[in-house]
Structures are given as structure tokens and as C-alpha cells.
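Residue numbers (the working numbering): 4 to 588.
Structure follows, in C-alpha cells:
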């Protein structure tokens, strides 16, 4: 076991230790073999014994690049960006760095593969916190049923302890100029960035929705002399995501150029078109880069080599025919709800609460007596996304922790405390909502206890819930009145999905009644796990809120957006846009 692996395991072990009173602590659960080995390595180190040598070599020669010093910047207020903070302590990387950047030869073999099978496709859901991909094989005469496989990205991503089906959306550049991704980025940053001066990029997807793709990455994220933009960092993560997909496809005997859709937040107008085009191009480039660095991901990829490959890749224009259309995130969820063969008759609003955005869309689903199949229509003018989501709550929790600790920008170790807190903030939030209490240990060893009730009572948290309800009500007020007045059984179904589906303010969206167009609708939460999936794929229930987008988006047909129809006497008039589709069973 390498020293750095032992450090990572020991740091994770310490996180599991809980203080029970002033002078005692407890550790729940049993220790793994690796954790025992890490303790033995630590003991051997203290005894002066020689640690085992590393047993692997990096696939690419690590380039020489002097570590550029972090630039001192002015102090900031508690809610400001860390880029304005002045470092208190400096860090250096202990490893010696070589001098030559190896020449990169692009692997474009995927572009030369035969056309992939047309009866199957992927849907990639690039998430702010976690990314998911589903493979769906259509029903054929030979197969007779629709086959659904949520790819186990966490296995090649070396993060099964986090999730087998979801991939952590993080990128970290270490002091030696190596790129790390997913849970490996989290682990490496936990050691090298624990002083809070250095940071990893966790919310990387947000740069698609902000005007920051062409901006240079700040020194707190990039300690090297190689300039890189946030857009290229997004591309680097998509390269890693595509590489894990490659490994899963190879395991299943599927070609690397399998057709794929991709999910997008609910942007408006030109923003939606521009963002979709950017992501479509990036996903094509990511395939070539994933093939090029195929054997390097476990050892870290030199930043200079990655940048050289990107420059070479863009020297000529290429077409990526395997990247298909984009779908909105609620559209993907809607596609996962119905079996299309069972009778349905309902008005359903999809609410997908992720880390970066909360996306809404309204659907009229009904059973067509003429065809004997269910149909669905996305109601015109019903799509909307807001930026209040999981990350917003992260920021509010950070502010509460610092306030209770009495820490502000005047503190001697402000940068260290704030930066160190950022590394584990998402984990603290999840523990708070799960356990209704969380104890936070700051960089200066100060302990802060947060109760769920006090967090939910914050004015800003209450406003977050109000923003969700306001979005729901705006949509109902602007759609054609016939959809509301013709709602079956006078009810509006709320399908709550995404990583934030279980939050109390999200669940509150489906409670009570709502008034729209002079009619009162009863609010009803739909089944947390659709019945047809429960019958055919019960093992997906635990992960369904997070994988619903990719699952529905990969099915043969998607619901046409912004349909024009009205409801009369409870029936849909106009032309339904989605044919029925057979499912397994």
C-alpha cells in the first residue's frame, strides 16, 4: 500500500469517528482490510520502518512544470468567492517533476467504427453532483421486450463505496500538474487541499449555465503555469465520464460509438440552443480524448498532455454522428414514468431538483382507446428552470456554520477555514438531512453542531421553498386553461426526482391544494418509484430519483416538446406525439 493511499483511508476513517462527550469518541461499524492495512502502514512509519514502494508506473511521462505560487488577493466577505481570498499558508508538492511533455497522438478509431446498432442507445445525464448513464435496448421480434441497463460507472471510476451507478462530478489538479477525476479527485484533494488554500472543482456543470466557459481557471484550482479555461475543465470531466462509459460498454460487448442522447437543464430560448450545441460538441470530443488517454486515468493525466491533445483535436473540424439530440431533464423523467401499455389518465408536473438547478415541466398523460396505448404530451409553455437548488442550500449551510463558529473574513485563518469547509460541505448537508443533526469540525479544530430544525427555520431556506412553489404556480397560471380545468379527478400529480427529491421543502410541493384558472386542484405526489419499474427492475428503486432522467431519456421515443393541444371534457384533443411502447413483461 502506498503512503498516499494510507493517508486517504486514514482520513476517511477519522471522519467516521464521532465525539460522544468532552473526552471520549466512538467509531461505528467494522474496519475493512484496507483500513487495517493503513493503520499498520502508519504504525510502521512512526516506528521508522520502510514503507512499501509503489507498484505501478504512470501511462504517460509526467511533464515538468514549475508550480506557480498562489497569488495573494484581497480578503472577502463570508459569501464571496474564494478566488478573492488571501492565502495564509503556502503549500508545495513533494514530488519531483520531470521536464519533457510527451508527444500526443490522438486515437480517432471510434470515428472509423461501423455504424452502431440502431435498436439501442445511451442517455448521458451530466450532473452537477453526480453523473448517470443508462443503456436501453428496444423491443425487437427476437428480444420481445425493452431491456434497461443503468451503467455501473462507479466500478471503473473506482468509487463503488459511494455508488455503483453514479459518478462523482469533481475534478482536481494536484501540485504536480496531474488531473484527477470523480472520487479520486475527492480523495487527492482531501490530502493536498486540506489547508483550504487549494480547491477542487465540484460544481463543474454550472459553467454551462453561466458566462464562464472561456474564463481562465483560478490559481486556487490550478497550481501550474499551464493556462486552462473552465470550458476545458468541463471537457476534461466529460472525457472521464466517457471513459467510464467505454469500460462499461466493453464489458457488455457494445461498440464505443453507440448512439447517445444527453440531458440538459431547462434553459430558455437561445441559451438552450447554444448550451446544447456546446455540450453536443464536447461529448464528441470527449470520446476521442477518452480513447487517447485510455490507460492513464488511474494514474492521473498530466494537464499539459491533456491541453496538447485538445489543441491537436481542434486543428480540424470533425463530425460526431453518434451524439444525438438533447432532452430536457424533466422530459427524461417523464419518459421513465410510464410503461405506455398500462392505462393512465393524469396531469403530472415533473419537478427535478438537482444540485445546480430545479427544473419543472407539465405533462398530460392519457390512454388512447383507438390505439390501446398510452400517450403523453408536454404542455406548451410549461417548461421552466430556476437556479435555487442543492448548491443554494450548501451556501446557506456554510453561512450558518461560520456564523455559529463566530468566524468571518477578519479571522487569522479565514481562508483555511473556509476552503477546508468547502471540501466536505456537501457531505455535511447530506448528513444533516439524514440524521437531523451534524457536527462539523473546522480547520482550527473548532466543533460546530447544526440541528436540522434551526437550518430549516432560516429565512433564506424558507424563501427557497417559496421559490419552488412560486415556479409551480407560475407554470399552472400560464398554460392553456383547458389543461387545468380538464385535469382528471381534479388532481395534479407531482413527480419529485433528482438528488433533492426527499428535501422537506420539495415534498411540500405535493401537499394540499393549488388554485389556477379559477379551479382548485388537489396536489398528489406520484409513486416515488413507478409501478412498471417496480415489477421489472426492483433493484433500481433506491437510485431511481437520481437515474430517472437518463433512464427515460434513453428509451426509444421521447415526448415531443411544447405540443399544442387542449383538453375538452377530460380528453386530449389535437395530435398526441408519442406512440405507445412495449416494455418487458
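The beta carbon of each residue, even a glycine, is placed where N, CA and C say it ideally should be.
- Note on residue 465: under 16 other CB atoms within 10 angstroms of its CB, so exposed under the neighbour-count rule.
- Put simply, of 43, 388, 552 and 519 the residue whose alpha carbon is nearest the alpha carbon of residue 502 is 552.
- In this structure, the CA atom of residue 517 is about 8 Å from the CA atom of residue 476.
- Straight-line spacing of the CA atoms in residue 274 and residue 211 works out to 10 Å.
- Distances from the CA of residue 200 to each of 177, 181 and 324 were compared; the closest alpha carbon is that of 177.
- DSSP, read as helix, strand or coil, puts residue 153 in strand.
- Scanning the segment 316-356 from its first residue to its last, the whole alpha helix (DSSP H) runs of 4-plus residues come out as 332-340.
- Distance from the CA atom of residue 263 to the CA atom of residue 482, rounded to whole angstroms, is 31 Å.
- Nearest neighbour of residue 536 by Cα position, chosen from 124, 473 and 150, turns out to be 150.
- Residue 264: member of the beta strand (DSSP E) spanning 263-267, first to last residue.
- Taking the Cα of residue 108 as reference, the smallest distance to any Cα among 415, 291, 420 and 461 is reached at 291.
- Per DSSP, residue 510 lies in no beta strand (DSSP E) segment; the continuous alpha helix (DSSP H) that holds it begins and ends at 507-510.
- Residues of the same chain with a CB within less than 7 Å of the CB of residue 491, apart from the 5 flanking positions on each side, are 348, 349, 350 and 573 in chain order.
- Rounded to the nearest whole angstrom, the CA to CA distance from residue 269 to residue 513 is 21 Å.
- DSSP lists 523 as the beta-bridge partner residues of residue 518.
- Using a C-beta cut-off of 8 Å, the segment 358-366 makes contact with the segment 378-398, since at least three inter-stretch Cβ pairs fall below that distance.
- Of 301, 225, 320 and 116, the smallest CA-CA separation from residue 247 is found for 301.
- For residue 237, the enclosing alpha helix (DSSP H) starts and ends at 233-255.
- The alpha-carbon of residue 204 is positioned some 26 Å away from that of residue 326.
- Around the beta carbon of residue 447, fewer than 16 other beta carbons sit within 10 angstroms, so the residue counts as exposed.
- In this structure, the beta-carbon distance from residue 479 to residue 487 falls below 8 Å.
- Burial is judged here by how many other beta carbons sit within 10 angstroms of a residue's own beta carbon; residue 130 has at least 16 and is buried.
- Here the segment 439-456 does not lie against the segment 216-224, with fewer than 3 beta-carbon pairs under 8 Å apart.
- Under the three-pair Cβ rule at 8 Å, the segment 312-323 does not count as touching the segment 332-339.
- Residue state for residue 285 is assigned as helix, using DSSP reduced to three classes.
- The Cβ atoms of residue 165 and residue 188 lie no closer than 8 Å to each other.
- Residue environment analysis places residue 317 among the exposed positions, since fewer than 16 neighbouring C-beta atoms fall within 10 angstroms of its C-beta.
- Residue 431 and residue 510 have their C-alpha atoms roughly 21 Å apart.
- In this structure, the straight-line span from the alpha carbon of residue 281 to that of residue 380 is close to 27 Å.
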